[in-house]
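In what follows, a single structure is set out as structure tokens and then discussed.
Number of protein chains: 4
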Amino acid sequence: MDLKKIALNRLKDRGVSINDMAKIVYDIQKDFIDDIDIKKCEETILLILNKREVINAVLTGIAIDEGVEKGIFDEHIYKIIMEDQGLYGVDEILALSIVNIYGSIALTNFGYVDKCKPGIIGIIDKEGKESNKCHTFLDDIVGAIVAAAASRLAHHNEDK
Amino acid sequence: MDLKKIALNRLKDRGVSINDMAKIVYDIQKDFIDDIDIKKCEETILLILNKREVINAVLTGIAIDEGVEKGIFDEHIYKIIMEDQGLYGVDEILALSIVNIYGSIALTNFGYVDKCKPGIIGIIDKEGKESNKCHTFLDDIVGAIVAAAASRLAHHNEDK
Amino acid sequence: MDLKKIALNRLKDRGVSINDMAKIVYDIQKDFIDDIDIKKCEETILLILNKREVINAVLTGIAIDEGVEKGIFDEHIYKIIMEDQGLYGVDEILALSIVNIYGSIALTNFGYVDKCKPGIIGIIDKEGKESNKCHTFLDDIVGAIVAAAASRLAHHNEDK
Amino acid sequence: MDLKKIALNRLKDRGVSINDMAKIVYDIQKDFIDDIDIKKCEETILLILNKREVINAVLTGIAIDEGVEKGIFDEHIYKIIMEDQGLYGVDEILALSIVNIYGSIALTNFGYVDKCKPGIIGIIDKEGKESNKCHTFLDDIVGAIVAAAASRLAHHNEDK
Numbered sequence: 002m003d004l005k006k007i008a009l010n011r012l013k014d015r016g017v018s019i020n021d022m023a024k025i026v027y028d029i030q031k032d033f034i035d036d037i038d039i040k041k042c043e044e045t046i047l048l049i050l051n052k053r054e055v056i057n058a059v060l061t062g063i064a065i066d067e068g069v070e071k072g073i074f075d076e077h078i079y080k081i082i083m084e085d086q087g088l089y090g091v092d093e094i095l096a097l098s099i100v101n102i103y104g105s106i107a108l109t110n111f112g113y114v115d116k117c118k119p120g121i122i123g124i125i126d127k128e129g130k131e132s133n134k135c136h137t138f139l140d141d142i143v144g145a146i147v148a149a150a151a152s153r154l155a156h157h158n159e160d161k
Numbered sequence: 002m003d004l005k006k007i008a009l010n011r012l013k014d015r016g017v018s019i020n021d022m023a024k025i026v027y028d029i030q031k032d033f034i035d036d037i038d039i040k041k042c043e044e045t046i047l048l049i050l051n052k053r054e055v056i057n058a059v060l061t062g063i064a065i066d067e068g069v070e071k072g073i074f075d076e077h078i079y080k081i082i083m084e085d086q087g088l089y090g091v092d093e094i095l096a097l098s099i100v101n102i103y104g105s106i107a108l109t110n111f112g113y114v115d116k117c118k119p120g121i122i123g124i125i126d127k128e129g130k131e132s133n134k135c136h137t138f139l140d141d142i143v144g145a146i147v148a149a150a151a152s153r154l155a156h157h158n159e160d161k
Numbered sequence: 002m003d004l005k006k007i008a009l010n011r012l013k014d015r016g017v018s019i020n021d022m023a024k025i026v027y028d029i030q031k032d033f034i035d036d037i038d039i040k041k042c043e044e045t046i047l048l049i050l051n052k053r054e055v056i057n058a059v060l061t062g063i064a065i066d067e068g069v070e071k072g073i074f075d076e077h078i079y080k081i082i083m084e085d086q087g088l089y090g091v092d093e094i095l096a097l098s099i100v101n102i103y104g105s106i107a108l109t110n111f112g113y114v115d116k117c118k119p120g121i122i123g124i125i126d127k128e129g130k131e132s133n134k135c136h137t138f139l140d141d142i143v144g145a146i147v148a149a150a151a152s153r154l155a156h157h158n159e160d161k
Numbered sequence: 002m003d004l005k006k007i008a009l010n011r012l013k014d015r016g017v018s019i020n021d022m023a024k025i026v027y028d029i030q031k032d033f034i035d036d037i038d039i040k041k042c043e044e045t046i047l048l049i050l051n052k053r054e055v056i057n058a059v060l061t062g063i064a065i066d067e068g069v070e071k072g073i074f075d076e077h078i079y080k081i082i083m084e085d086q087g088l089y090g091v092d093e094i095l096a097l098s099i100v101n102i103y104g105s106i107a108l109t110n111f112g113y114v115d116k117c118k119p120g121i122i123g124i125i126d127k128e129g130k131e132s133n134k135c136h137t138f139l140d141d142i143v144g145a146i147v148a149a150a151a152s153r154l155a156h157h158n159e160d161k
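Chains as they are written, first to last, in this note's numbering: chain A, 2 to 161; chain B, 2 to 161; chain R, 2 to 161; chain S, 2 to 161.
Okay, structure coming up:
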């Protein structure tokens, strides 16, 4: 199985489908792109997942979240990540490895979804805070993929 | 006159006061920090402007905006910057030189204000698009200072 | 004339040819990629210049350098940029808008060429410091293009 | 025990002392700063480790390296990180969360040490490649701390 398929399966295991992400992309871009629809947003999400740097960020972020859930890290880093303390920013930094390759439109969209937490992002954020699940990295990874897809659609629309 | 004072005067010349910026910082953080008020936000804005990298970004960004207004650049870059074309991202990049030094909270706040354009940011953005003024760099610089101040307040609140 | 051609002409006007850049790329990668030659490096430089973000950085950086030479900015920013003061980092930041889209290999190569200044980068850096020319932005822009090309070659070599 | 002390102990456990890092800082800056000595470099390293973002990066990076050594991640991410594959860049990205807060001088120094691997950085890189140790994140974290310290010394020297 190729790494792209593995990354998509890992996202699915953690509760995030391609359609979940596509719906947020659609909401962000529907006022700016004429012929946008959910199908096009899903196709764009899949194109984002072609990039090796995106796959690496997905696999690494989910590995850390799961490592925290399983209690395999030492107590200090466990506590910091599990509680997603306000000053822990490694999750956002990891997400930036996705966002950066899609330029500044991706960056501002990432900031927006990270703050407003639309759709699935809000759901996994809440789940991570209220249950024994750890979604500290997952919500930022998903936000970054969504922001990258929104940016890619915007760029291709401008280039038409 | 020191460079900090010069940077503040240049912002004022271009239509942005310390109070304009403090009001946005207050709105972003008022739900998260108990003893916040406009005065504290103004003081924080002034602390952000102590940093050499912030002063350099302010002076450079405004110099480019004014250069565009005066028509001193060659036609290609003039057209790209004056129209703040969707794919021009150098303005956001310059703003990042401010945002980066305040960590990931600053980054997500920057994405948020860049997209939602609260207060003075919306006013200068509109003015730049409708008049012969060029505010392509200014709105991002102001957004970055606001985001940096919001992040600084959040960090100091957590550390208490 | 398209923007890519304009960007290449502007680089040429300021003293930097495609071959100058290709030679540095070749030196960086010759020990790691078997079938590398100058022609392949030149082709890669041209692919880097296809990207809108790269073109924007080239045109903006050169516009600022020329603005400084012509004395059209106010005295404070003129002095800071002309002398390329140690704490002025906007030039590196602009270069990062090129480097970021090519991932972390590009970033470390950029740090390397920015510090070691091989080939044309050293020549324009010296010229900028000793004459009335201003190359504050140019040397970083060229370093970024070279680093991006080296990274692109490394990625395609790994994917083979 | 406070988090700074814990981070320093974790670095020590993994084979990196304050003195190891200070020696590289000294070599980078000795030609540029008159009154530099190893003691000053050590003090600067300790100041860098005061920052919460630096502590978080150290603790997270080492936790991942140890997780890989212990075989607690799934096979795909294990293989990618253990072999520090050429296209895996999450380690450099994590290091950037340290480098970014010290501005562009830190960034270029990071690129330089990441490529040239002086002193302890080369030793842990080699050890990670030749033994069953995993130092994929450690060498970049150490490079980032060194680069941040070199930048901090340069800034304070300019400001004198």
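Don't be surprised by glycine CBs; every beta carbon is placed ideally from N, CA and C.
Would you kindly check if the distance between the Cβ of residue j and the Cβ of residue i is under 8 Å?
{"i": "S/R15", "j": "S/I81", "result": "no"}
{"i": "S/A145", "j": "S/I99", "result": "yes"}
{"i": "S/I37", "j": "S/Y27", "result": "yes"}
{"i": "B/I102", "j": "S/N101", "result": "yes"}
{"i": "A/G104", "j": "R/E54", "result": "yes"}
{"i": "R/G90", "j": "B/N57", "result": "yes"}
{"i": "S/C135", "j": "S/D35", "result": "no"}
{"i": "A/F111", "j": "A/A150", "result": "no"}
{"i": "R/I78", "j": "R/S152", "result": "no"}
{"i": "B/I125", "j": "B/L139", "result": "yes"}
{"i": "B/A23", "j": "B/I49", "result": "no"}
{"i": "R/P119", "j": "R/I25", "result": "yes"}
{"i": "R/I68", "j": "B/F74", "result": "According to the sequence as given, residue 68 of chain R is Gly; it is not Ile. Yes; because the gap between Cβ atoms is below 8 Å, this pair is in contact."}
{"i": "A/K116", "j": "B/T109", "result": "yes"}
{"i": "A/A8", "j": "A/L60", "result": "yes"}
{"i": "S/I121", "j": "S/D21", "result": "yes"}
{"i": "S/N133", "j": "S/E70", "result": "yes"}
What residue range is occupied by the uninterrupted alpha helix (DSSP H) comprising residue i?
{"i": "S/Y27", "result": "19 to 30"}
{"i": "S/F111", "result": "104 to 117"}
{"i": "B/H77", "result": "76 to 83"}
{"i": "B/N57", "result": "53 to 70"}
{"i": "A/D92", "result": "91 to 100"}
{"i": "S/R11", "result": "4 to 14"}
{"i": "B/I121", "result": "120 to 131"}
{"i": "R/I39", "result": "39 to 49"}
List, in order along the chain, the chain R residues whose C-beta lies closer than 8 Å to that of residue i?
{"i": "S/I94", "result": "S105"}
{"i": "B/L4", "result": "H77"}
Run through chain A and tell me which residues come within less than 9 Å of residue i, C-beta to C-beta.
{"i": "R/I102", "result": "N101, I102, Y103, G104"}
Counting only Cβ pairs nearer than 7 Å, list the residues of chain R close to residue i.
{"i": "B/S163", "result": "Since the first residue of chain B shown is 2 and the last is 161, residue 163 of chain B is not available in this structure."}
{"i": "B/I7", "result": "H77"}
So with CB distances below 7 Å, who are the chain A contacts of residue i?
{"i": "S/I19", "result": "Those within 7 Å of S/I19 in chain A number zero; the least Cβ separation is about 19 Å."}
> Going along the segment 104 to 120 of chain A in order, which residues come within less than 7 Å of chain R, judged by CB to CB distance?
Replying inline: Taking a C-beta cut-off of 7 Å against chain R, the contacting residues of the segment 104 to 120 of chain A are G104, listed in chain order.
> Which residues, in chain order, does the segment 26 to 58 of chain R contribute to contact with chain A at a C-beta distance below 7 Å?
Replying inline: Of all residues in the segment 26 to 58 of chain R, E54 have a Cβ within less than 7 Å of some Cβ in chain A.
> If contact means a Cβ-Cβ distance below 9 Å, which residues of the segment 56 to 81 of chain R contact chain A?
Replying inline: none
> Which residues, taken in chain order from the segment 141 to 156 of chain S, show a beta carbon closer than 7 Å to some beta carbon of chain A?
Replying inline: Within the segment 141 to 156 of chain S, no residue qualifies.
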